[in-house]
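The structure appears below as structure tokens.
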Amino acid sequence: MPELPEVESVRNGLVDLVSERTIGKVTVRWDNIIKEPKIELFQKSLEGQTIETIRRRGKFLLFILTDYVLISHLRMEGKFRLEVEGTPLTKHTHVIFSLNGGQELRYLDVRKFGKMSLVSKKELLTHPSLTSLGPEPVEEELSIDWMVEYLKGKKRAVKACLLDQKLVAGVGNIYADEILYDAGIRPNRSASSLTDEEISVLRSSIVRIMKEAVEAGGTTIRTYANAYGREGSYQNSLRIYGKVGSDCPICHSPFIKTKVAQRGTHFCPVCQS
Ligand SMILES: [Zn+2]
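Numbering follows the UniProt record's numbering, with no gaps: position 64 of the sequence shown is 64.
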């Protein structure tokens, strides 16, 4: 599943291509992709709207239009492609936005788990998908005070908190493992057991790793390989994710793979406590 750095890479690849383009006819070929409003209203409302820019919040892409915002979550394998009108459709093409200039922005999704919502600009601030999101994982927004407050009294594993999008937006399974290894914290540690000092280290790891991953264009593995956007190179910088069977370069113990928060989880039994 694309996490913040991969979604940011998609945004980056797409924003210059579609900004200031006007949407014409919209075709929906798989209704379940559209969460709201009803398909007919979705299509009708989009007609004539100009794409001002694309922003991102957590793992959500936000297409800022003249009057509306199209909120898109790619989930497992959603991707956008810009094609010349008339290019044959694949069976995985589910939504087609005609653009002025004879091109189409197409949404493809092999697994069909992706979702789109069209909301008015005013509604965006109070939209449920965004109001529960925690701060972005950047220096200026993710404060130690907030993290201490949030993790206090939570019995759940710290990895579950990293994944829940409320402590911090945009972290998924790959980066959670990388962050916890970097911070020297076991993924299954109860959140409430972390000391203030550990939380401070955790915060630094979140900010640094997410920043480095964004700068590298995210991770290109399997299904993101053809996603719009630059091919990311962070897969070469992963230190622990997917490295089961390798030894920790710091202490030379074999990495362990287990399950935490129902997700495959890698950790070093010596460096992480
Ligand atoms: Zn180690």
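All C-beta atoms, glycine included, are put in the ideal place defined by N, C-alpha and C.
Asked                                                                                                            : Found
Contact shell at 6 Å, judged by CB to any heavy atom of ligand 1, ordered along the chain                        : Cys-248, Ile-250, Cys-251, Ser-253, Cys-268, Val-270, Cys-271
Own chain partners of Thr-223 with C-beta closer than 8 Å, once the 5 adjacent residues on each side are dropped : With a pLDDT of only 49 at Thr-223, under 50, the local geometry of the prediction cannot be trusted, and the value read off the model is given with reservation. Hits under 8 Å: Met-76, Glu-77, Val-110.
Element boundaries [beta strand (DSSP E), containing Ser-98]                                                     : 93-99
Nearest-angstrom Cβ-Cβ length linking residue 274 and Leu-180, presumed shorter than 8 Å                         : No answer is possible for residue 274: the residues shown for the chain start at 1 and end at 273.
Span separating the alpha-carbon of Lys-121 from that of Leu-61                                                  : 14 Å
Beta-carbon gap between Phe-80 and Leu-124 smaller than 7 Å                                                      : no
Neighbourhood of Tyr-68 by C-beta, 8 Å cutoff - its chain only, sequence neighbours within 5 removed             : Ser-45, Leu-46, Gln-49, Leu-118, Val-119, Ser-120, Lys-121
DSSP state of Tyr-241 mapped onto helix, strand, coil                                                            : coil
Cβ pair count under 8 Å reaching 3, the region 190-206 against the region 250-266                                : no
Exposure label - Asn-100; buried when at least 16 CB within 10 Å                                                 : exposed
Residue closest to Ile-64, alpha-carbon to alpha-carbon, out of Glu-149, Lys-115, Arg-11                         : Arg-11
Entirely enclosed beta strand (DSSP E) segments - the region 77-159, minimum 3 residues                          : 78-84, 93-99, 103-109, 115-120
Distance between Gly-217 and Ala-225 (C-alpha atoms, nearest Å)                                                  : Since pLDDT at Ala-225 reaches only 43, below the 50 mark, its modelled position is unreliable, and the value read off the structure follows with that caveat. Going from the Cα of Ala-225 to the Cα of Gly-217 covers about 12 Å.
Counterpart residues of Ser-190 in DSSP-defined beta bridges                                                     : Ala-157
Sub-7 Å separation of Ile-33 and Val-84 beta-carbons                                                             : no
Cβ distance (whole Å) where Pro-37 is taken to contact Met-210 below 8 Å                                         : Wrong, their Cβ atoms sit about 33 Å apart, outside the cutoff.
Coarse secondary structure for Glu-212, derived from DSSP in three states                                        : helix
8 Å CB neighbourhood of Leu-163 in its chain, flanking five on each side removed                                 : Val-171, Gly-172, Asn-173, Ala-176, Ala-261, Arg-263
Cβ distance (whole Å) where Ser-98 is taken to contact Gly-24 below 8 Å                                          : 4 Å
Distance, Gln-43 Cα to Leu-89 Cα                                                                                 : 19 Å
Identity of the residue in Ser-72, Leu-167, Ala-160 nearest His-127 by Cα                                        : Ser-72
Nearest-angstrom Cα separation, counted from Gly-232 out to Glu-212                                              : 11 Å
Asp-182 Cβ short of 6 Å to ligand 2 heavy atom set                                                               : The model depicted lacks ligand 2 and carries ligand 1 instead.
With 16 other Cβ atoms within 10 Å as the buried cut-off, status of Gly-114                                      : buried
Lys-257, enclosing beta strand (DSSP E) - first and last residue                                                 : 256-260
Environment of Val-244 [buried if 16+ CB atoms lie within 10 Å]                                                  : exposed
Closest Cα partner of Glu-141 within the set Ile-240, Leu-82, Arg-57                                             : Arg-57
Whole-Å CB distance - Leu-130 paired with Ala-191, under 8 Å assumed                                             : So it is not a contact: roughly 23 Å between Cβ atoms.
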